[in-house]
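Protein chains in written order, with the working numbering: chain A, 1 to 124; chain B, 1 to 481. For each residue, glycine too, the CB sits at the ideal point set by N, CA and C. Worksheet for the structure shown next.
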């Protein structure tokens, strides 16, 4: 990094149905985002960009998270995943061990952004 | 690289703590010495707390720059400390000292409102650089104008007392915390509870109100917890209770001190474990909701009388909002009247423009023991009976009478004695005797009308004291006592 060059904000992958992405974009405005409306698009983004963490929106089907985790294992192993889920949505017992953090709705204001910052802070 | 640069700055400036206080809350066994010593090395004063109660009382002792809370304190304690800190100052960052580097632990802490998460053992320089970043951000955010303005959710008024309430609502509503609302009847406890819900993260879910004084123990428990099929005669199918109905949202329990102590114990378990069993059931039902409780009782009295369990009280009182009676925010009365008239016109198609200055004077002089609710009822009654666009003082004649009544207890009107509600039997007797004496030429005649013996009348008058005797000019001086 050149001296005096401002450090770019962390690059995040946001996976979710197109209609669900605006709210996540607003919440994560302080981060650089790559949005993916499908798991195929997410896999492409993982290959193409230095993604540091992935965020899954509340309306993304559970199967998408499973596919995303598989893609991360193949392409960019070890990056954390934060999944916003409905209050009573199912959660795979293996997710926690795979580095998935589940945020259950209703979320506190800024909880997603603070979570991303704190999770990325673990890696400093 | 930037973090290392920041660390060097931190280390060079050894006094940026400036003597400010930091709370470090962790169980006795937790290894947090490095946290305390790192903060002390840059000029912070450290208050160490090993229990939730000690942490809360430390927060209450005065301004705090930041709170560091070990995750080992438990999620309930963390949520409580975050909420109390927010009520004192929403810019106090609460940093969780984590037990692990698991992403889920981080997320859980953030969902309780933490500002950052540092797993133990923590590097000294990393701790200081992150703390400084948070404190710089807090300093930049301090003094921002409150976003919650009078009018929100029907909260009317701009007095200092109501502004303090609005500030509390704004600070507390960011969190999914339980709240205790105190205030006399009619001060608007449910309105404040609804405002907390509407402003907070649970606003997309239900707000479920319940008055605990209106139901007996069994019916109340059935309402709260629901029941399983066959739990009792007539339980033909499973019924979900209000805890399940309010899941994700807010349950408002009004008149909590009227709840049976056994039911209070069950409520406490729900607050502490977020789970309960339906009546007649064995399976645990998990819920995620905020409970807002309210009471108009004097709490020390309710506690000493056993009406309110101490353990429930201490769990609920962590975040408390005390609502002022109307007599302590009289400057809000004109705005309240305007709001009530506008509401009346809207609901009933009325054309009331306002009230006359004389009527306003009467209203301002009245103490309003029934608070805003009483004022609203009085304005609505006056609006209904008003024959013109401006409500005159005649619509509030009873207020003048009652106000005078609260000072002298009664107001003689011709041959009648008006007694204020709340008068004692002794007050009533006294006023009847004095009013009769004023209207009869002699005491003997008054005693006859009252059905008393003359000696008994004298005894009573002596009991009323010299001031009363002076108020009866027809009494001979030698008989005044």
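Exercise. With 16 other CB atoms within 10 Å as the buried threshold, where does residue 482 (chain B) fall?
Worked result: Past the edges of chain B, shown from 1 to 481, lies residue 482 (chain B), and the structure says nothing about it.
Exercise. Residues in its own chain within less than 7 Å of residue 43 (chain B) by CB, not counting five upstream and five downstream?
Worked result: 14, 15, 16, 17, 18, 19
Problem set entry | Residue span of the alpha helix (DSSP H) that contains residue 209 (chain B), given as start and end | No alpha helix (DSSP H) contains residue 209 (chain B), which is instead part of the beta strand (DSSP E) from 207-211.
Exercise. For the alpha helix (DSSP H) that contains residue 34 (chain B), what are its first and last residues?
Worked result: 33-41
Exercise. If you run the structure through DSSP and keep just helix, strand and coil, what is residue 25 (chain B)?
Worked result: strand
Problem set entry | Of the listed residues B:176, B:181, B:177, B:175, nearest to residue 165 (chain B) (C-alpha basis) | B:181
Exercise. For residue 57 (chain A), which option in A:89, A:44, A:70, A:74 has the closest C-alpha, if you only look at C-alpha atoms?
Worked result: A:89
For this session: Using alpha carbons as the reference points, say which of B:172, B:220, B:281, B:158 lies closest to residue 260 (chain B).
Result: B:220
Exercise. Residue 241 (chain B) CB to nearest chain A CB: under 7 Å?
Worked result: no
Problem set entry | Contact set between the stretch 193-204 of chain B and chain A, restricted to residues whose Cβ is under 7 Å from the partner | 201, 202, 204
Problem set entry | Where residue 93 (chain B) falls, given that 16 or more other Cβ within 10 Å makes a residue buried | buried
For this session: Helix, strand or coil for residue 317 (chain B), going by three-state DSSP, please let me know.
Result: coil
Exercise. Can you tell me the Cα-Cα spacing of residue 464 (chain B) and residue 327 (chain B), whole angstroms?
Worked result: 30 Å
Exercise. Where does residue 239 (chain B) fall in DSSP's three states?
Worked result: strand
Exercise. Is it true that the CB of residue 85 (chain A) sits closer than 7 Å to the CB of residue 102 (chain A)?
Worked result: yes
Exercise. Under a three-way DSSP split, which group does residue 227 (chain B) fall into?
Worked result: strand
Exercise. Quick one: what's got a C-beta closer than 7 Å to residue 325 (chain B)'s C-beta in the same chain, skipping five residues either side?
Worked result: 184, 187, 371
For this session: Starting from the N-terminal side, write out each stretch of the alpha helix (DSSP H) that is 4 residues or longer and does not extend beyond the stretch 149-206 of chain B.
Result: 160-172, 189-199
Exercise. Sorted by chain position, which residues of the same chain lie with C-beta nearer than 6 Å to residue 408 (chain B)'s C-beta, five sequence neighbours on each side aside?
Worked result: Per-residue confidence for residue 408 (chain B) stands at a pLDDT of 44, beneath the threshold of 50, marking its modelled position as unreliable; no derived number is given.
Exercise. Beta-carbon of residue 111 (chain B) versus every beta-carbon of chain A: anything under 7 Å?
Worked result: yes
Problem set entry | Nonlocal neighbours in the same chain, by C-beta distance under 7 Å from residue 168 (chain B), ignoring five residues either side | 87, 321
Exercise. Alpha helix (DSSP H) containing residue 52 (chain B): first to last residue?
Worked result: 52-60
For this session: For the stretch 94-105 of chain B and the stretch 70-77 of chain B, state whether three or more C-beta atom pairs, one from each stretch, are separated by less than 8 Å.
Result: yes
Exercise. If the cut is a Cβ gap below 9 Å, which residues of chain B does residue 121 (chain A) touch?
Worked result: 106, 116, 117, 118, 126, 130
Problem set entry | Proximity below 7 Å, CB of residue 293 (chain B) to CB of residue 323 (chain B) | no
Problem set entry | CA-to-CA distance, residue 112 (chain A) to residue 70 (chain A), given in whole angstroms | 23 Å
For this session: Using a threshold of 7 Å, state whether the C-beta atoms of residue 178 (chain B) and residue 316 (chain B) are closer than that.
Result: yes
Exercise. Residues of chain B with a CB under 8 Å from the CB of residue 66 (chain A): which are they?
Worked result: Ordered by position in chain B, no residue passes the 8 Å Cβ test against residue 66 (chain A), which lies about 17 Å from the chain.
Exercise. Under a CB-based cut-off of 7 Å, is residue 18 (chain B) close to chain A?
Worked result: no
Exercise. CB residue 122 (chain B) to CB residue 68 (chain B), shorter than 7 Å?
Worked result: no
Problem set entry | Below-7 Å beta-carbon distance, residue 77 (chain A) vs any chain B residue | no
For this session: Residues of the stretch 277-292 of chain B with a CB closer than 7 Å to any CB of chain A: list them in chain order, please.
Result: 288
Exercise. Quick one: is residue 174 (chain B) near chain A, going by C-beta distance under 7 Å?
Worked result: yes
Exercise. According to DSSP, what are the bridge partners of residue 119 (chain B)?
Worked result: B:98
Exercise. Mind checking whether residue 382 (chain B) and residue 400 (chain B) have CB atoms under 7 Å apart?
Worked result: no
Exercise. Per DSSP, residue 391 (chain B) forms a beta bridge with which residues?
Worked result: B:355
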